[in-house]
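Asks:
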């Protein structure tokens with residue numbers, strides 16, 4: 237059972253999402269919250285598997301709420317999936333840096349949202365279609381330009397390079413497994429090794445490393 241906590245300042249959105257999730261046998265809606273402070277408190281009290289997090293809310297916003305949840309040892313296992321009307325907003329990328337596991341626009345089809353929650357609950361990160369290119373461009377714009385570390389990718393096997401290229405293209409672990417004709421567990425292991433070998437915190441950083449080293453170009457993402 238996937239325990240879900242819904243966070244949005246609009247009651248209609250919260251209720252609509254709750255109705256959608258309660259029709260699925262593998263989901264349990266444990267609570268909802270209308271602002272960031274309530275979200276942080278509910279994360280502690282309910283210990284959900286996944287939080288659906290709005291960004292723009294009264295009090296502390298979804299970015300700060302995500303940061304507090306991700307940085308607290310009592311709640312850092314909670315996965316945050318950001319839902320926003322502004323999938324091009326730079327705040328989305330700030331949420332990813334704060335510790336969110338992924339994001340989707342609010343106009344996502346219901347089936348895609350349900351799939352995304354399951355993906356995030358299983359430990360994968362998820363970016364909406366088209367997000368990878370914008371992620372690269374946002375980091376190019378906001379991050380100080382630094383020369384790539386010499387030899388960074390030399391520690392990778394050819395298979396790991398292939399996996400990195402797919403990660404940079406926005407593929408989930410399940411999609412990587414399908415494209416490389418390997419098991420899901422093997423795909424997940426490859427991604428974990430990439431994070432360790434490249435000293436990357438998350439998949440977003442893997443995307444940037446892939447771009448900086450020419451593994452993938454913005455137009456390919």
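Residue numbers (the working numbering): 237 to 457. Heads up, the beta-carbon is just placed ideally off N, CA and C, and yes, glycines get one too. Predicted model only: the values in this text are computed from it and were never measured.
If you draw a straight line from the alpha carbon of residue 380 to that of residue 263, how long is it in whole angstroms?
Replies: Any reading at residue 380 is ruled out, since the residue's pLDDT is 48, under 50, leaving its predicted position unreliable.
Asks: Below 8 angstroms on the Cβ atoms is my contact criterion, and I expect residue 338 with residue 317 to pass it. Report the Cβ-Cβ distance as a whole number of Å.
Replies: The pair is a contact, with the Cβ atoms about 6 angstroms apart (cut-off 8 angstroms).
Asks: When DSSP labels each residue in this structure, what does residue 432 get in the three-state scheme?
Replies: In this structure, residue 432 counts as helix in the three-state DSSP scheme.
Asks: Looking only at C-alpha atoms, which of 434, 440, 450, 447 sits nearest to residue 331?
Replies: Closest by alpha carbon: 440.
Asks: Assess, as a yes-or-no matter, whether the segment 250-259 is touched by the segment 272-284 under the definition of 3 or more beta carbon pairs within less than 8 angstroms.
Replies: Short answer: they don't touch.
Asks: Using a 10 Å radius around the Cβ and a threshold of 16 neighbouring Cβ atoms, would you call residue 426 buried or exposed?
Replies: Flag for residue 426 reads buried.
Asks: Below 8 angstroms, can you find three or more Cβ-Cβ pairs linking the segment 418-432 to the segment 391-399?
Replies: The answer is yes - the segment 391-399 touches the segment 418-432, with three or more Cβ pairs under 8 angstroms.
Asks: Whose C-beta lies closer than 7 angstroms to the C-beta of residue 237 among residues of the same chain, with five residues either side of it excluded?
Replies: Closer than 7 angstroms at Cβ, skipping near neighbours: 262, 264.
Asks: Go ahead and pull the three-state DSSP assignment for residue 424.
Replies: DSSP places residue 424 in helix when its eight states are reduced to three.
Asks: Alpha carbon to alpha carbon, how far is residue 392 from residue 250? Give it in angstroms, no decimals.
Replies: C-alpha separation (whole angstroms): 44 angstroms.
Asks: At the level of alpha carbons, what is the spacing between residue 305 and residue 314?
Replies: Whole-angstrom Cα-Cα distance: 7 angstroms.
Asks: When the Cα of residue 246 is compared with those of 283, 444, 289, which residue comes out closest?
Replies: Here the closest residue by C-alpha is 289.
Asks: Ordered along the chain, which non-local residues of its own chain (more than five positions away) have a Cβ less than 8 angstroms from that of residue 354?
Replies: For residue 354, where only same-chain residues beyond five positions count, the Cβ hits under 8 angstroms are 238, 262.
Asks: So which of 347, 445, 296, 293 has the shortest CA-CA distance to residue 388?
Replies: Closest by alpha carbon: 445.
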